[in-house]
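For reference, the structure discussed in these notes is given below.
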Amino acid sequence: MDQYTQETKNTVDERFGMKRNGVYYAHQPIYGYRTPFAAGSNISRYMVTKSILNAFSKFSFNSFIDIGGAEGYTANIVRQLFNIPVQSTDLSENACKMAGEIFGIKATPCDIHNLPFNDGEFEAVLCSETIEHVTDFKLAIDELLRITKNILVITVPHETPEIVAENIRNKVPHGHIHYFDVNTLDYLKNIGYDISYEKTLSPFLIVPRVLAESGKKERQSTVYRIYNRLTPFFRKIFGLKTANWLTNIDASLCLITGSYGGITFTITRQSQTLKAAHTSKKFKAQDFTNITVPLHK
3 MDQYTQETKN TVDERFGMKR NGVYYAHQPI YGYRTPFAAG SNISRYMVTK
53 SILNAFSKFS FNSFIDIGGA EGYTANIVRQ LFNIPVQSTD LSENACKMAG
103 EIFGIKATPC DIHNLPFNDG EFEAVLCSET IEHVTDFKLA IDELLRITKN
153 ILVITVPHET PEIVAENIRN KVPHGHIHYF DVNTLDYLKN IGYDISYEKT
203 LSPFLIVPRV LAESGKKERQ STVYRIYNRL TPFFRKIFGL KTANWLTNID
253 ASLCLITGSY GGITFTITRQ SQTLKAAHTS KKFKAQDFTN ITVPLHK
């Protein structure tokens with residue numbers, strides 16, 4: 003494990019060991035929408051999750067692993083909606099421990115650059131919001147493809163090169179250190195893979211997302227002070243139905259406008275004929291946003 007990866011491991015181990023008032027402080031919205039015991043940006047996480055589910059829904063598969071799966075939120079949703087056995091991994095041992103305790107999911111702590119699995123061990127592999135953090139994203143993708151039998155789905159943020167350069171310059175812990183656009187993985191086409199993608203995280207929905215989630219901001223400008231005073235009002239009028247609606251229109255808005263803040267790539271082998279799903283369901287936010295667990299202490 004290289005020094006950067008070890009430093010990242012230390013950071014994420016600390017993160018996944020956090021508690022608030024004796025309750026495990028989740029990275030993902032495992033307790034439901036807008037709780038004080040999980041990180042914010044619930045709606046953007048829902049948008050990415052919806053895109054992931056619809057990418058996999060086109061295919062039939064009987065084994066699944068989430069590489070970089072945090073405390074197991076997405077793996078648990080896949081297990082419930084697709085009715086298949088799932089596994090997870092994370093660089094953080096604490097994250098894997100939480101996946102086991104909270105969801106009963108087998109989770110293996112490991113470095114994505116050297117995955118401890120056999121070639122083609124899993125029919126479906128997910129790697130969501132992970133490779134932007136790693137030392138060598140192409141080596142990471144090589145490992146993901148090695149363990150994938152049929153379908154690999156990867157999600158990444160789409161930020162400006164300037165933001166990525168600033169993260170590198172400032173040595174932001176667990177920062178985004180690689181730039182991605184819809185063409186970044188085209189090199190895989192030359193070595194026998196088909197690539198498709200869906201744009202996510204419409205910039206036009208950033209302000210509606212912030213208003214709907216109504217999380218107080220620590221910044222002291224006049225605008226933020228006014229916003230903080232209005233958050234109780236926003237919380238009353240914008241509930242889970244609003245979050246679901248914003249989630250459901252996201253990909254369509256990205257398609258119409260061309261603007262996007264994230265990408266979901268689906269990767270399959272060109273020579274491989276995959277079994278299509280019996281019914282290719284189009285998932286909506288309301289299919290999974292109510293999949294929650296009790297507070298974990």
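Those letters in the sequence shown? Residues 3 to 299, per my numbering, in order.
Just so it is clear, CB atoms sit at the ideal spot from N, CA and C, and this is done for glycine as well.
Rounded separation between residue i and residue j - CA only
{"i": "L297", "j": "Y33", "result": "6 Å"}
{"i": "L187", "j": "T224", "result": "43 Å"}
{"i": "S62", "j": "L190", "result": "23 Å"}
{"i": "S198", "j": "R237", "result": "37 Å"}
{"i": "V209", "j": "I149", "result": "39 Å"}
{"i": "C98", "j": "E125", "result": "21 Å"}
{"i": "P159", "j": "N44", "result": "15 Å"}
{"i": "V184", "j": "L55", "result": "19 Å"}
{"i": "I170", "j": "T244", "result": "36 Å"}
{"i": "D144", "j": "V136", "result": "13 Å"}
{"i": "P234", "j": "Y226", "result": "14 Å"}
{"i": "A253", "j": "G260", "result": "10 Å"}
{"i": "V14", "j": "V174", "result": "13 Å"}
{"i": "C256", "j": "S204", "result": "5 Å"}
{"i": "Y229", "j": "V212", "result": "10 Å"}
{"i": "Y262", "j": "F139", "result": "21 Å"}
{"i": "L147", "j": "M3", "result": "20 Å"}
{"i": "N64", "j": "S282", "result": "15 Å"}
{"i": "N116", "j": "V25", "result": "33 Å"}
{"i": "S59", "j": "F240", "result": "29 Å"}
{"i": "V295", "j": "I104", "result": "8 Å"}
{"i": "E168", "j": "K218", "result": "26 Å"}
{"i": "D289", "j": "E200", "result": "19 Å"}
{"i": "E16", "j": "T291", "result": "27 Å"}
{"i": "L207", "j": "N172", "result": "28 Å"}
{"i": "Y27", "j": "F84", "result": "27 Å"}
{"i": "D121", "j": "N96", "result": "26 Å"}
Residue j beta carbon less than 8 Å from that of residue i
{"i": "K286", "j": "N250", "result": "yes"}
{"i": "F18", "j": "H29", "result": "yes"}
{"i": "I86", "j": "I293", "result": "no"}
{"i": "E215", "j": "R22", "result": "no"}
{"i": "T202", "j": "I265", "result": "yes"}
{"i": "S90", "j": "A101", "result": "yes"}
{"i": "T7", "j": "H176", "result": "no"}
{"i": "A57", "j": "T270", "result": "no"}
{"i": "V127", "j": "I67", "result": "yes"}
{"i": "Q300", "j": "Y195", "result": "Nothing about residue 300 can be read from this structure; the chain reaches only from 3 to 299."}
{"i": "A142", "j": "I114", "result": "yes"}
{"i": "L276", "j": "I193", "result": "no"}
{"i": "Y75", "j": "P31", "result": "yes"}
Where the beta strand (DSSP E) through residue i begins and ends
{"i": "Q5", "result": "From DSSP, Q5 is part of no beta strand (DSSP E) but of the alpha helix (DSSP H) over 5 to 17."}
{"i": "S216", "result": "Unbroken run through S216: none, as it is neither H nor E."}
{"i": "Y199", "result": "195 to 202"}
Any non-hydrogen atom of the ligand PLP within 7 Å of residue i CB
{"i": "K151", "result": "What this structure holds is no ligand at all, so the ligand PLP is not there to describe."}
First through last residue of the alpha helix (DSSP H) which encompasses residue i
{"i": "C256", "result": "242 to 259"}
{"i": "L146", "result": "139 to 149"}
{"i": "V80", "result": "75 to 84"}
{"i": "T226", "result": "The sequence as given places Tyr at residue 226; Thr does not occur at that position. Counting along the chain, the alpha helix (DSSP H) containing Y226 begins and ends at 224 to 239."}
{"i": "E161", "result": "Neither: E161 is in no alpha helix (DSSP H) and is coded neither H nor E."}
CB contact check: residue i to chain D, cutoff 8 Å
{"i": "T268", "result": "This model lacks chain D altogether; it includes just one protein chain."}
Beta-bridge pairing of residue i - partner residues as DSSP gives them
{"i": "F267", "result": "I156, Y199"}
{"i": "K283", "result": "Note: K283 sits in no beta bridge, so no partner."}
{"i": "V25", "result": "R22"}
{"i": "I67", "result": "Q89, V127"}
{"i": "K108", "result": "Q89"}
{"i": "A40", "result": "A28"}
Item to check | Cβ contact (3+ pairs, closer than 8 Å) linking the region 54 to 73 and the region 93 to 112 | outcome: Touching, yes.
Checklist entry - Any chance the region 47 to 64 sits against the region 124 to 135, with 3 or more Cβ pairs inside 8 Å? => result yes
Checklist entry - Looking at C-beta atoms only, is the number of pairs between the region 239 to 250 and the region 173 to 184 that lie closer than 8 Å three or more? => result no
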